Every structure is written in C-alpha cells, then in structure tokens.
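**Q** For reference, the structure I am asking about is given below.
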Amino acid sequence: MKLLGARLADELVILSLGGAVDEWYNAAPHMREASLFQQQLGCVTPEAFGLAVGLPHRRIVSLDTDGGLLFNLGILATLGNEQPDNLFVVVWDNEQYQSIGGPATHTAKGRVDLAAIARGAGVEHAYTAATLEEFDAHCAAGLASTTPYIVVAKTDGILEPGIKRKHSDGREDKYIFVRHVEATEGITIMGPSEHN
1 MKLLGARLAD ELVILSLGGA VDEWYNAAPH MREASLFQQQ LGCVTPEAFG
51 LAVGLPHRRI VSLDTDGGLL FNLGILATLG NEQPDNLFVV VWDNEQYQSI
101 GGPATHTAKG RVDLAAIARG AGVEHAYTAA TLEEFDAHCA AGLASTTPYI
151 VVAKTDGILE PGIKRKHSDG REDKYIFVRH VEATEGITIM GPSEHN
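24 is the number that the working numbering gives to position 24 of the sequence shown; each next residue is one higher, with no gaps.
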C-alpha cells in the first residue's frame with residue numbers, strides 16, 4: 001500500500017471494507033479525502049467503474065479483495081466489454097475472507113486464478129504479483145495504462161502492527177469523499193441538506 005500510495009496524487013480511490021481501510025489511510029494519508037471505502041462485498045470495482053465512466057478524464061483506482069471480487073465476477077466481463085481507459089484495479093489476495101484471517105476463499109487451493117479469469121473476460125492486462133518489486137512495476141504500468149489494468153497482489157493477510165484506526169464512520173467518510181470530488185471537479189453532487 002505504501003508503494004502504491006507514493007505513486008498517487010489526484011486519483012480517486014475506492015477500497016474494500018475491513019482492516020485494509022485503516023491500513024490504506026495510514027499508508028497514504030495524503031489520499032484520505034480522495035478515498036472511499038465500500039461496505040458491501042462485490043461492489044468495490046463496480047463502484048470504481050461507475051466513477052471511471054462518470055469522470056473519464058480522472059484516474060480511478062479500485063482496491064478490491066479476493067473475497068470481494070469473487071462475489072461479483074461479472075464486473076470483469078463489464079470491464080472487458082467497456083474497456084475504461086482510466087481504471088486501475090488492485091486485488092489484495094490473501095486467500096481468505098477478512099483481512100485478519102477468516103474462511104478460505106476459492107483462491108486458496110491454487111486452482112482459481114483471478115488474473116486468468118479477468119483475461120478470459122476480455123481484460124487483456126491482468127496479472128498476478130507475488131513480490132513487492134512485481135507489484136510496484138504493475139502499479140507504474142497500471143496507472144499509465146489506457147486500457148483497464150488489473151493486478152492481483154498476493155498478500156499474507158497480516159495487518160501491519162501499530163495501525164491507527166480512523167476516527168470516522170461510513171457516513172462521514174462518504175461526505176469527505178464527495179466534498180473532495182466536488183471541490184476538485186468544480187461540480188455539485190450533493191446540495192445542502194433539506195434540514196439546514
């Protein structure tokens with residue numbers, strides 16, 4: 001996450017729920033306002049795709065998970081057909097549900113290859129990274145790509161010790177993110193509350 005965060009400046013990031021949220025906000029504090037976590041498995045990359053379509057001039061980064069992507073493999077066919085030129089997808093694959101350890105996902109037995117599934121669905125640039133060097137190289141390529149780009153990052157699933165928890169809830173995070181998009185795009189997404 002620190003390697004990816006160091007490469008980001010004005011991109012928008014959608015990420016999965018769990019301990020990875022706190023880890024991301026610690027690894028890339030400068031991206032705090034530009035990042036939003038999605039609370040439903042299977043919705044991270046679809047939400048990022050929606051942003052990519054709605055803001056075609058802006059680079060969108062999806063930080064998905066093996067468990068989350070397995071909940072909605074259909075998004076890979078959508079990416080294959082639609083070919084968004086501004087979407088970079090990272091899939092953290094710890095081969096288990098939950099970022100701190102849980103039931104095994106289908107990737108744990110070594111037969112299910114998410115990058116191969118993505119290529120089969122029409123995403124030409126879909127790869128697996130097993131080392132930090134491979135991952136960093138794919139981050140550089142993915143952020144520069146003009147077609148959808150996916151890297152499945154094999155991880156150990158252990159959160160970095162000493163990670164500080166964020167002190168906000170999902171509703172507050174949504175407003176922080178939306179207000180950031182409004183400010184950086186010069187648009188209004190959500191007007192004032194009817195209760196003001």
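Note that the Cβ used here is the ideal one computed from N, Cα and C, for glycine as well.
Source: prediction; values computed, not measured.
Quick check on the burial criterion: 16 or more other C-beta atoms within 10 angstroms. Buried or exposed for Ser16?
**A** buried
**Q** Taking C-alpha atoms, which residue in Val90, Val44, Gly68 lies nearest to Leu4?
**A** Val90
**Q** Going by other Cβ atoms of all chains shown within 10 Å of its Cβ, with 16 needed for buried, is Ser168 buried or exposed?
**A** exposed
**Q** To the nearest angstrom, how far is the alpha carbon of Thr128 from that of Pro46?
**A** 20 angstroms
**Q** DSSP three-state call for Tyr25: helix, strand or coil?
**A** helix
**Q** First and last residue of the beta strand (DSSP E) that includes Ala34?
**A** Annotation: Ala34 is outside any beta strand (DSSP E) and is labelled neither H nor E by DSSP.
**Q** Take Ala104 as the anchor and find which of Gln83, Met190, Gln96 has the nearest alpha-carbon.
**A** Gln96
**Q** Is His180 helix, strand or coil when you go by DSSP?
**A** helix
**Q** Between the C-alpha atoms of Gln38 and Glu172, what's the straight-line distance to the nearest angstrom?
**A** A straight-line Cα-Cα distance of about 13 angstroms links Gln38 and Glu172.
**Q** Answer yes or no: do Met1 and Glu33 have a C-beta to C-beta separation smaller than 8 angstroms?
**A** no
**Q** Return the residue from the list Leu114, Val181, Thr188 that minimises the CA-CA distance to Leu36.
**A** Val181
**Q** Quick one: grab the DSSP three-state call for Ile117.
**A** helix
**Q** Report all residues from its chain with a CB closer than 7 angstroms to the CB of Leu70; omit the five preceding and five following residues, and keep chain order.
**A** Thr105, His106
**Q** Could you tell me which residues DSSP pairs with Ala104 in its beta bridges?
**A** Gln96
**Q** Comparing C-alpha positions only, which one of Leu41, Thr65, His57, Leu8 sits nearest to Asp156?
**A** When only C-alpha atoms are compared, the closest one is Thr65.
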